[in-house]
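The opening residue of the first sequence carries number 96 in the numbering used here; numbering runs sequentially from there. One structure below.
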Amino acid sequence: MYTRFALVDCNNFYASCERLFEPSLHGRPIVVLSNNDGCIISRSNEAKALGVGMGTPYFKARPFLKKHGVKVFSSNYALYGDLSNRVMTVLRQLEPRLEMYSIDEAFLHLDTIRDRSLTRYAGFVRQTVYRHTGIPVSIGIGPTKTLAKVAGHIAKKNAECQGVFDMSEASIDDILSCFDVSDVWGIGRRQTERLHRRGIRTALGLKNCEDDWLRRNLTVTGLRTAMELRGISCIALEDGPLSRKSISSSKSFGVQVESLSALREALATYVAQAAVKLRGQRCLANSLQVYITTNRFSKTARHYSARQVLTLAEPTASTSFLIRHALAGLSRIYKPGLRYQKAGVVLFGLVPCSFHQPGLFGAVDRKSGPLMAAMDRINEKWGRHTIQHAVAGLEKPWKNKQLKKSRAFTTSWKELPVAKAR
DNA sequence: TCTGGGGTCCTAGGACCC
DNA sequence: TCTGGGGTCCTAGGACCC
């Protein structure tokens with residue numbers, strides 16, 4: 096049977112979410128900043144048209160944004176996560192074989208759509224998502240995921256496509272010959288440099304490149320990308336239950352941090368966040384990594400970055416236990432007298448709770464399990480830091496800044512939008 | 001003053017085993 | 001002169017994605 100993948104991509108997702116609750120911003124340029132109000136990570140079409148670059152540091156772009164009346168938002172993940180769920184729910188109702196690829200993208204299998212044109216069907220999907228959620232999407236269709244991504248690009252960039260493009264509507268080679276190789280899914284900066292050195296600048300060039308050279312220079316992933324461009328599907332739709340291999344939590348600080356006690360607070364806070372996710376996934380972790388780093392862009396101070404991996408005697412999901420190990424790791428890599436900019440933790444070696452056989456002397460989770468479950472319930476009901484470990488600190492002066500954040504319109508009763516009749 | 005956060009996969013090289 | 005060979009596992013680091 097002939098397989099067809101569709102890539103559904105929310106247009107300028109974060110900017111579109113913000114605009115949803117401030118309709119006066121329609122037609123006006125908007126940008127959304129990264130976590131610490133650091134970089135620009137989402138731009139409305141109007142902002143793109145002004146030439147605002149993706150990933151530009153905010154402090155550099157600020158005068159320009161002000162001059163052109165660009166509305167600036169801090170990122171509001173409670174809002175984006177909730178709207179993403181709504182989009183995915185609508186899509187899943189239309190097409191159950193769905194892989195949620197990122198917060199704003201999903202792959203669908205279109206094998207079952209036989210009796211009508213895929214372009215028309217995709218147009219229907221697009222309208223339905225918009226009607227139910229208010230989020231505009233583009234849809235690309237192709238025989239492999241990589242070609243569906245190419246089609247998605249074309250759907251988004253060309254107004255005459257009306258948000259939908261199907262690769263089978265044109266000659267694939269013609270399309271690939273005009274498609275920049277650096278825009279191909281899986282081809283990043285380094286690979287682009289290598290391809291350019293060999294004189295390959297378009298997706299068609301990559302498609303026709305010799306397998307041996309690809310295998311040697313771009314590894315098996317590069318070869319797989321080329322095969323996908325040839326229409327041979329090598330990357331399957333992952334529509335099974337999500338099972339992560341690692342869970343991490345890290346953040347830049349709002350102010351630079353020198354003291355071990357502040358680093359301990361921050362790290363304990365991040366460990367607690369990661370542990371909540373771990374329990375939400377009904378898993379235990381058998382090792383963790385902690386790391387700290389100074390500002391890598393600093394021209395005056397030497398950059399220091401260190402990490403420590405800790406293997407646990409027995410896998411656990413207990414916040415207390417994980418914090419204790421993380422802080423022991425921290426004390427081994429902490430160097431006094433430096434100005435730290437970021438800390439983080441990664442939990443890995445995840446095993447489902449149900450698979451785990453408790454050790455003879457362990458039984459950590461049998462004791463802490465009910466306590467953690469109670470903590471999670473309280474924090475879910477009353478807000479994130481209602482109860483927490485004392486070592487995570489109360490004031491949290493190192494917390495990052497998010498000065499321009501919109502409200503949690505859809506996930507908090509206190510922050511519901513208010514409509515006024517005239 | 002000021003530059004995100006959370007993931008996945010691949011490879012090379014070392015340790016270890018028989 | 002001359003010091004095995006082949007396999008597995010683990011880890012750090014790099015590259016990529018959104």
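In this text, a Cβ means the ideal position worked out from N, Cα and C, and glycines have one as well.
By the beta-carbon neighbour count (other beta carbons within 10 angstroms, threshold 16), G258 is buried.
Sixteen is the threshold: since fewer than 16 other Cβ atoms of the shown chains lie within 10 Å of the Cβ of S449, the residue is exposed.
Taking the Cα positions, A110 is about 45 Å away from A408. When the beta-carbon positions are compared, E353 and V486 stay at least 8 Å from each other.
Per DSSP, reduced to three states, the secondary structure at E255 is helical.
Spatial neighbours of F260 in its own chain (CB-CB distance under 6 Å, excluding positions within 5 residues in sequence) are listed in chain order as G235, A246, I249 and A250.
In this structure, the beta-carbon distance from Y435 to L362 does not fall below 8 Å.
A buried status is given to Q286, since no fewer than 16 other beta-carbon atoms sit within 10 Å of its beta-carbon.
Scanning its chain for C-beta atoms nearer than 6 Å, with the 5 sequence neighbours on each side dropped, one finds around K494 the residues G349, in chain order.
Around the beta-carbon of L290, 16 or more other beta-carbon atoms lie within 10 Å, marking it buried. Between the alpha carbons of Y196 and G218 lies a distance of about 21 Å. Between S338 and V440, the C-beta spacing is not below 8 Å. Secondary structure in the region 171-252: the beta strand (DSSP E) runs of 3 residues or longer, each lying completely within the stretch, are 193-197, 200-204 and 232-237 in chain order. Here V404 has S382 and Q384 as same chain residues with Cβ atoms under 7 Å from its own Cβ, once five neighbours each way along the sequence are excluded.
Each of G444, F100 and T505 was checked against the Cα of P238, and the nearest Cα belongs to F100.
For V371, same chain residues with a beta-carbon under 7 Å away, outside a window of 5 residues either side, are D471 in chain order. Of D206, V103, L115 and I282, the smallest CA-CA separation from D177 is found for L115.
Straight-line spacing of the CA atoms in R397 and V167 works out to 33 Å. For N140, the three-state secondary structure derived from DSSP is helix. Look at Q368 here: in three-state DSSP terms it is helix.
Here C105 is actually not in contact with I282; their C-beta atoms are around 23 Å apart, not less than 8 Å. The Cβ atoms of K515 and N131 do not sit closer than 8 Å to each other. Residue nearest to V127 within the set I135, H121 and L120 is I135 (criterion: CA-CA distance). For D132, there is no enclosing beta strand (DSSP E), as DSSP gives it neither H nor E. In the DSSP annotation of this structure, the continuous segment of the alpha helix (DSSP H) that includes R289 starts and ends at R284 to R292. T395 places its beta carbon 8 Å or farther from that of K437. In the DSSP assignment, no residue is bridged to L355.
With 16 or more other Cβ atoms inside 10 Å of its own Cβ, H420 counts as buried. Distance from the CA of L511 to the CA of E475, rounded to the nearest whole angstrom, comes to 18 Å. Within the same chain, L203, H204, L332 and D334 come within 7 Å of R192 by CB-CB distance, once the 5 residues on both sides are set aside.
By DSSP's assignment, K166 forms a beta bridge with I125. Excluding the 5 residues flanking it on each side, I473 has same chain C-beta neighbours closer than 8 Å at T481 and I482, in chain order.
Under DSSP, G146 takes part in no beta bridge, so it has no partner. Secondary structure note for A401: it is in no alpha helix (DSSP H), and the uninterrupted beta strand (DSSP E) holding it is S400 to T411.
Distance from the CA of V366 to the CA of L318, rounded to the nearest whole angstrom, comes to 38 Å.
Counting other Cβ atoms within 10 Å of its Cβ, C378 reaches 16 or more and is therefore classed as buried.
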